[in-house]
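Protein chains: 2
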Amino acid sequence: MSRQQNEKLAPKAVILLSGGLDSTTTLAVARSQGFECYCLSFNYGQRLQQELEKAKIIAKLAGASRHLILNVDLNKIGGSALTDNIEVPKGRDLDNHDEIPITYVPARNTIFLSHALAWAEVLEANDIFIGVNAVDYSGYPDCRPEFIKAFTKMANLGTKRGDADQQFKINTPLISMTKGEIIKLGFELDVDYSQTHSCYDPAGQLACGKCDACLLRLQGFADAGVTDPVKYK
Amino acid sequence: MSRQQNEKLAPKAVILLSGGLDSTTTLAVARSQGFECYCLSFNYGQRLQQELEKAKIIAKLAGASRHLILNVDLNKIGGSALTDNIEVPKGRDLDNHDEIPITYVPARNTIFLSHALAWAEVLEANDIFIGVNAVDYSGYPDCRPEFIKAFTKMANLGTKRGDADQQFKINTPLISMTKGEIIKLGFELDVDYSQTHSCYDPAGQLACGKCDACLLRLQGFADAGVTDPVKYK
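Those sequence lines, one after another, are chains A and B. If you count the first sequence from 1, position 170 lands on 173 in our numbering, and the numbers rise without skipping. If you count the second sequence from 1, position 37 lands on 40 in our numbering, and the numbers rise without skipping.
And the structure:
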């Protein structure tokens, strides 16, 4: 195991960082576990370029060794309210898990994790962190534990490093936590949530307070018994 | 099954098309099986931009319904002779399958297939075609049947369409064929190999004849008993 061989060096990890609440907390968890953090963000034609600006600040605050921003052409593929000109739904019933919402971006986590895998292989890192959550999630299939397990198996079969028995691990520290638990954990780890961005449909610097992401976030802060430092309209 | 519901419409398929011999033959196979073909190529900072020009011609000649070229930032990730300024090896022993060559691009097929999956989901296509080959291959782990099987499982767990029981299939018609058999099949399907590009290190329009890709191609044409229409230096 390379971690044992290099006891004096912190092991490297690639952290998928969107600039949202979950990925920012995930980065704090990776740091608290002693990883040297390589943050990876994507410019994917998302309507919210301010997400990327927040991600840059968050990576810097967390002392990341590097923050790589890659362009991916998801807007040319289309099919989502987050990349197309489709209206973001408001006031949706979040308990309805049968329906996959229009904010779902086809195969997004697969594409993001694939890039993280490539970078981890080049960095000689075994660990990838992603802030997926299967409890208070929006009904996205690519946030489920079964998906993460299947991705890990595929990753180890499809890479030079996986083939050489340096097994990749996809770390999902938040996967079984409620939003309230995630926020409590973040406070324990001194996460500055004022820098995080969640809203799918903000007006300038103000979050809408009504889209799935805002509803989940507000409920999470209420459950955690703390005040959300982000401003709402 | 959507194919049965739409008997009069040809089923759609996404075809990964590099402009090389294998992907061009794969496209011909998909056409011969009655698929409406949506070709997908990538601009990934590869040193050989002429590959993409060839791919455009090949998609047009094959009557593809659409040819989408996506940008991916593999050159920012690095780690390969095909994306970095690393010398392409010449005259390598192709029977040495223990060594993964420096032309291996980390997680490339995972990244390419992930984009194909996203597009297939938007197009409502169940089929993806990729020209991987596990016989006369260059020793890349992401060309093996086990990798394709693991990718398929992951794809069906991580997408809305897979979740809705419209199972994705990754078609690999060439996976157990020798290069000679692939070329024979291509001739039967009227593939114009003069438009295909294989060389990793061409001089202008001339192939080098010495890199892994040229050596495999030349041996394949010799085995098939036909003349390679491409010019070598």
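Cβ atoms here follow ideal geometry from the backbone N, Cα and C, with glycine treated the same way. As the structure is a prediction and not an experimental result, all values here were calculated from the model.
#1: Give me the Cα-Cα distance between A58 of chain B and L120 of chain B, rounded to the nearest whole angstrom.
#2: Please decide whether H70 of chain B counts as near chain A, where near means a Cβ-Cβ distance under 9 Å.
#3: Can you list, in chain order, the residues of its chain whose CB lies under 8 Å from that of R69 of chain B, leaving out five sequence neighbours each side?
#4: Would you list the one or two residues that DSSP bridges to C69 of chain A?
#5: Looking at the secondary structure, which residues open and close the alpha helix (DSSP H) in which L160 of chain B lies?
#6: A210 of chain A to D76 of chain A, Cα distance in whole Å?
#7: Could you pull the DSSP bridge partners for F132 of chain B from this structure?
#8: So if DSSP puts L209 of chain A in a beta bridge, which residue, or which two residues, is it bridged to?
#9: For the candidate residues A:V17, A:G81, A:L64, whose alpha-carbon lies nearest to that of Y47 of chain A?
#10: Go to H118 of chain B, then tell me how far its alpha helix (DSSP H) extends in each direction, as first and last residue.
#11: Taking C-beta to C-beta, are K187 of chain A and A227 of chain A nearer than 9 Å?
#12: Just verifying my parser: in three-state terms, what is the DSSP assignment at Y235 of chain B?
#13: By a C-beta neighbour count over all protein chains shown, 10 Å radius and 16 as the cutoff for buried, is L12 of chain B buried or exposed?
#14: Name, in chain order, the residues that DSSP records as bridge partners for V75 of chain B.
#15: Could you tell me if G207 of chain B is buried or exposed, where buried requires 16 or more neighbouring beta carbons within 10 angstroms of its beta carbon?
#16: Counting contacts by CB-CB distance shorter than 9 Å, is G81 of chain B in contact with chain A?
#17: State the DSSP-derived secondary structure class of A225 of chain B, mapped to helix, strand or coil.
#18: Closer than 7 Å between beta carbons: that is the criterion. Which residues of the segment 119-138 of chain B meet it against chain A?
#19: Thinking C-beta only, is G223 of chain A closer than 9 Å to I185 of chain A?
#20: At a Cβ threshold of 9 Å, is Y203 of chain A touching chain B?
#21: Can you give the Cα-Cα distance for V32 of chain B and L218 of chain B, rounded to whole angstroms?
#22: Along chain B, which residues have their Cβ under 8 Å away from the Cβ of Y107 of chain A?
#23: Counting C-beta neighbours from all protein chains within 10 Å, is the total for K15 of chain B 16 or more, i.e. buried, or is it exposed?
#24: Quick check on the DSSP output: the alpha helix (DSSP H) that includes T27 of chain A runs from which residue to which?
#25: Who are the neighbours of V117 of chain B on chain A, taking C-beta pairs under 7 Å?
#26: Within 10 Å of its beta-carbon, does D193 of chain A have 16 or more other beta-carbons around it, so buried, or fewer, so exposed?
#27: State buried or exposed for G189 of chain A, treating a residue as buried only when at least 16 other CB atoms are found within 10 Å of its CB.
#28: Give me the chain A residues within the contact set of F150 of chain B, using Cβ-Cβ distance strictly less than 8 Å, ordered along the chain.
#29: Apply the 10 Å Cβ neighbour rule to E124 of chain A and answer buried if 16 or more other Cβ atoms are within range, or exposed otherwise.
#30: Just verifying my parser: in three-state terms, what is the DSSP assignment at C214 of chain B?
#31: For the candidate residues A:T113, A:K152, A:S44, A:A128, whose alpha-carbon lies nearest to that of T162 of chain B?
This is what the structure holds:
#1: 20 Å
#2: no
#3: Y41, C42
#4: Reading the sequence as shown, one finds Arg at residue 69 of chain A and not Cys. Beta-bridge pairing links R69 of chain A to A:Y41.
#5: 148-160
#6: 26 Å
#7: B:I18, B:N174
#8: A:A206
#9: A:G81
#10: 111-126
#11: yes
#12: strand
#13: exposed
#14: A:V75
#15: exposed
#16: yes
#17: helix
#18: L120, A121, W122, E124, V125
#19: yes
#20: no
#21: 24 Å
#22: K163
#23: buried
#24: 24-35
#25: A small fix is needed here, since residue 117 of chain B is Ser in this sequence, not Val. The answer, in chain order, is A110, T113, I114, S117.
#26: exposed
#27: buried
#28: M157, L160, G161
#29: buried
#30: strand
#31: A:T113
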